[in-house]
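First comes the structure, then the notes that go with it.
Numbering (full-length UniProt numbering), first residue to last: 1 to 310.
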């Protein structure tokens, strides 16, 4: 894709950003090693961080405001195409969200494909969700005021988790907060998209991620529930939803389609589309005005859904 398609504020940042090399196992190992070496989160304003291990490779990074929090909480799931990434890559944004909204943020550490294909990553997320419900009160959070969110593959896992929680009744999340979510494997099966060569995450990488997660080629007629949440047709009863994406990113069409399907099912849905924005632009160019305005709009929406009615 030509750099002229980029929003002017994003051109310098994305002109030099390659797609991550993930096709081979040794490449994924190198990328994973790099994310494991990320520094510990820089805390501020009295915020505390604790890691709670729940199983080998599974745990919860808990960010608690110095004030104890306002009672709201966010369960956050990191991205990485299902095959790379770690919760540490989002520590800075988790700190910002916890401080700005005065809420507890719990960031999920989950196991990755292809070593751990579906449903393992989703099971790990559900395990952390269950832990949060059990321990919310002692962390200063109301279990009835928890939102679920994520970016990219984490956004897809968040959407699948919300669907699973809905179908199994019990306490429900008050909202889902999805940034450029990876929702529908059928995009990866569209080989004509390979030629577009999207910034940061192209369809060849997308096919590697979906194939590893599903354990089969993407785009097959039958899909297990929650594996590809964008395929679900019965969306009645889903919580209020915010979806943010750019209009030149690979997931734009599937994200827009999911937002339209939710709206058609009567779900209170907000879709924020940023012209000229590629995948995960808010993480790659966080100091640009367009990214800051995008983040501010997202947090304003979430604050409104975590604030109890007067």
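A virtual CB, placed ideally from N, CA and C, is assigned to each residue, including glycine.
Residue i, DSSP secondary structure in three states
i, result
"residue 129", "helix"
"residue 243", "strand"
"residue 113", "coil"
"residue 49", "strand"
"residue 10", "helix"
"residue 203", "helix"
"residue 257", "helix"
"residue 300", "helix"
"residue 217", "coil"
"residue 180", "coil"
"residue 189", "coil"
"residue 236", "coil"
"residue 41", "coil"
"residue 164", "helix"
"residue 169", "coil"
"residue 86", "coil"
Residues bridged to residue i [DSSP beta-bridge criterion]
i, result
"residue 147", "74, 175"
"residue 61", "51, 107"
"residue 269", "241"
"residue 274", "246"
Whether residue i touches residue j by CB criterion (8 angstroms)
i, j, result
"residue 188", "residue 203", "yes"
"residue 146", "residue 73", "yes"
"residue 185", "residue 201", "no"
"residue 319", "residue 121", "What is shown of the chain runs 1 to 310, which leaves residue 319 out entirely."
"residue 96", "residue 180", "no"
"residue 235", "residue 196", "no"
"residue 183", "residue 225", "no"
"residue 264", "residue 166", "no"
"residue 218", "residue 207", "yes"
"residue 109", "residue 86", "yes"
"residue 117", "residue 215", "yes"
Distance between beta carbons of residue j and residue i, contact taken as under 8 angstroms
i, j, result
"residue 262", "residue 245", "The Cβ separation is near 14 angstroms, so there is no contact."
"residue 151", "residue 162", "About 15 angstroms separates the two Cβ atoms, so there is no contact after all."
"residue 297", "residue 271", "Between residue 271 and residue 297 the Cβ distance is about 12 angstroms, and since that is not below 8 angstroms, they are no contact."
"residue 77", "residue 154", "4 angstroms"
"residue 148", "residue 75", "5 angstroms"
"residue 98", "residue 178", "Actually they are not in contact, since the Cβ atoms of residue 98 and residue 178 sit about 19 angstroms apart, beyond 8 angstroms."
"residue 131", "residue 60", "6 angstroms"
"residue 174", "residue 306", "7 angstroms"
"residue 111", "residue 58", "6 angstroms"
"residue 199", "residue 14", "5 angstroms"
"residue 63", "residue 94", "5 angstroms"
"residue 3", "residue 41", "Not quite, the Cβ-Cβ distance comes to about 33 angstroms (not below 8 angstroms), so this is no contact."
Cutoff 8 angstroms: residue i Cβ touching any chain D Cβ
i, result
"residue 297", "Looking for chain D here will not work: only one protein chain is present."
Beta-carbon proximity list for residue i, same chain, < 6 angstroms, skipping 5 on both sides
i, result
"residue 113", "82, 83, 212, 213"
"residue 190", "none"
"residue 303", "101"
"residue 123", "none"
"residue 311", "This structure gives no information on residue 311, because the portion of the chain shown stretches from 1 to 310."
"residue 7", "276, 277, 290"
"residue 10", "281, 285"
"residue 193", "203"
"residue 128", "60, 108"
7 angstroms Cβ shell around residue i - same chain, five flanking residues per side excluded
i, result
"residue 102", "65, 67, 69, 70"
"residue 295", "282"
"residue 291", "281, 282, 285"
"residue 231", "184, 223"
"residue 43", "49, 95"
"residue 159", "176, 178, 181, 183, 229"
Cβ-based neighbour list, residue i, same chain, cut-off 8 angstroms, excluding 5 preceding and 5 following
i, result
"residue 253", "187"
"residue 119", "224, 226, 227"
"residue 141", "69, 71, 72, 73, 103, 104, 132"
"residue 274", "7, 244, 245, 246, 247, 281, 290, 294"
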